[in-house]
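Following: one structure in structure tokens, then a few remarks.
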Amino acid sequence: MVYSVNIGNFQVSHVHEQTREFDLATRFFSGLTLEMVNFAQQILEPGSLTTDNRLILSMHSFAVRTGRFNVLIDTCCGDHKDRRFRPDFHQRTTGYLGVLAKAGLRPEDIDYVMCTHLHWDHVGWNTQLVNGSWVPTFPNAKYIISRMEYEHWRQVAESGVVNNNTLAFEDSVSPVVRADKALLVENDYELDSGIWLQPCPGHTPGNYVINLQSDGRKALISGDVIHHKLQLLYPEILCNVDDDKEQGSRSRLQLLHQCIDTNAMLLPAHFPGCPFGTIKKENGGGFRFVPIS
Ligand SMILES: [Zn+2]
Numbered sequence: 116m117v118y119s120v121n122i123g124n125f126q127v128s129h130v131h132e133q134t135r136e137f138d139l140a141t142r143f144f145s146g147l148t149l150e151m152v153n154f155a156q157q158i159l160e161p162g163s164l165t166t167d168n169r170l171i172l173s174m175h176s177f178a179v180r181t182g183r184f185n186v187l188i189d190t191c192c193g194d195h196k197d198r199r200f201r202p203d204f205h206q207r208t209t210g211y212l213g214v215l216a217k218a219g220l221r222p223e224d225i226d227y228v229m230c231t232h233l234h235w236d237h238v239g240w241n242t243q244l245v246n247g248s249w250v251p252t253f254p255n256a257k258y259i260i261s262r263m264e265y266e267h268w269r270q271v272a273e274s275g276v277v278n279n280n281t282l283a284f285e286d287s288v289s290p291v292v293r294a295d296k297a298l299l300v301e302n303d304y305e306l307d308s309g310i311w312l313q314p315c316p317g318h319t320p321g322n323y324v325i326n327l328q329s330d331g332r333k334a335l336i337s338g339d340v341i342h343h344k345l346q347l348l349y350p351e352i353l354c355n356v357d358d359d360k361e362q363g364s365r366s367r368l369q370l371l372h373q374c375i376d377t378n379a380m381l382l383p384a385h386f387p388g389c390p391f392g393t394i395k396k397e398n399g400g401g402f403r404f405v406p407i408s
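For the sequence shown, the residue numbers in the numbering used here are 116 to 408.
Written out as structure tokens, the structure is:
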């Protein structure tokens with residue numbers, strides 16, 4: 116099943132790659148106690164956490180048809196990628212392009228690819244392996260990449276560090292730049308009327324979120340500013356995979372309030388199940404994600 120939603124005249128489809136068990140919740144977040152996880156086990160929907168308290172994360176893209184362009188946002192993990200630092204994601208194959216086809220889109224139909232940031236699980240399908248080389252998967256697309264984010268990861272990769280993100284930089288970002296398919300942009304770049312970037316640093320230095328606005332309706336595509344519903348239940352916890360945890364926390368709260376204040380739908384990168392919802396403030400200080408019915 117492909118979930119989709121209309122934001123005014125824009126149609127947004129959920130392109131699901133895989134849903135997998137991930138790290139222990141208490142390892143992924145600072146300030147999260149076992150008691151808090153036990154309580155969350157009772158509150159959150161089934162499929163949010165494993166019985167042994169690991170996060171369950173979906174990897175998916177959003178395909179936006181604006182009427183003028185087809186835009187694909189965040190390209191998941193990809194096939195055949197060397198991700199040796201996460202064995203569950205190493206050298207895998209997925210049916211991703213088949214799911215994109217079910218959403219009615221072929222690779223050549225994509226006009227723009229946007230990457231909210233350049234972590235390995237957001238750039239994978241930027242490229243695919245053809246005759247032993249990594250080539251852009253979407254032959255007619257320009258790839259919208261934050262200049263600040265690109266420069267950050269270029270420097271990390273050149274420093275000799277080897278991790279999944281630098282491996283991804285080499286196999287999923289650099290080939291796009293070499294093929295002259297990348298547009299390196301500032302973090303407030305406007306692609307077209309009703310679709311523009313907004314800086315949202317913390318998870319990574321050049322992290323951006325994407326605003327959609329059409330016919331009075333609004334949505335925010337939030338990437339990894341929010342990974343899991345635990346962060347809504349307990350807004351005070353910090354995310355250990357944020358480059359700057361304190362800034363990540365400020366950005367997360369600001370974005371949640373922005374959703375409420377502007378009546379914008381939130382489209383997070385890793386929520387399992389329906390990824391389209393609204394944000395409600397709870398009495399105890401937390402928030403709740405209410406999926407569209
Ligand atoms: Zn991610």
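For every residue, glycine included, the Cβ atom is placed at its ideal position computed from N, Cα and C. If you're wondering where the values come from, they're calculated on a predicted model, not measured in any experiment.
Which residues share a DSSP beta bridge with residue i?
i      : result
Glu136 : Ile171
Met151 : BP columns for Met151 are empty, so no partner.
Trp235 : Bridge partners of Trp235: none, in fact.
Met380 : Ala334
Gly392 : Leu381 and Pro406
Met229 : Ile188 and Ile259
Val292 : Val292 pairs with nothing; no bridge assigned.
Rounded to whole angstroms, what is the Cα-Cα separation between residue i and residue j?
i      : j      : result
Pro406 : Leu381 : 9 Å
Pro290 : Trp249 : 6 Å
Gln328 : Asn121 : 11 Å
Leu312 : Asp194 : 28 Å
Leu244 : Ile341 : 31 Å
Phe184 : Gln126 : 11 Å
Asp226 : Val288 : 17 Å
Leu282 : Asn398 : 44 Å
Asp376 : Ile336 : 16 Å
Gln362 : Asn322 : 11 Å
Asn355 : His129 : 27 Å
Val186 : Thr209 : 21 Å
Trp268 : Val117 : 33 Å
Cys374 : Leu147 : 24 Å
Gly239 : Ser119 : 22 Å
Leu348 : Ser364 : 14 Å
Leu220 : Leu149 : 43 Å
Gly275 : Asp197 : 17 Å
Phe200 : Ala216 : 30 Å
Asp236 : Pro202 : 13 Å
Ala218 : Ser408 : 19 Å
Pro314 : Gln369 : 12 Å
Check this for me: beta carbons of residue i and residue j, under 8 Å apart or not?
i      : j      : result
His232 : Glu273 : no
Pro254 : Glu301 : no
Gly331 : Gly123 : yes
Ala178 : Leu345 : no
Cys411 : Glu285 : An answer regarding residue 411 cannot be provided, because it is not within the stretch 116 to 408 covered by the chain.
Asp152 : Thr134 : Just to set this straight, residue 152 is Val in the shown sequence, not Asp. Contact flag unset, no.
His234 : Asn278 : no
Ile352 : Ser145 : yes
Ala423 : Pro251 : A query on residue 423 cannot be resolved here, the shown segment of the chain reaching from 116 to 408 and no further.
Residue i and residue j look like a contact to me (Cβ under 8 Å); what is the Cβ gap, rounded to whole Å?
i      : j      : result
Asp358 : Pro320 : 6 Å
Ile394 : Phe402 : 5 Å
Tyr258 : Asn241 : 6 Å
Ala379 : Lys333 : 4 Å
Ile260 : Leu299 : 6 Å
Ile158 : Phe137 : Their Cβ separation, rounded to whole angstroms, is 19 Å, which puts Ile158 and Phe137 out of contact at 8 Å.
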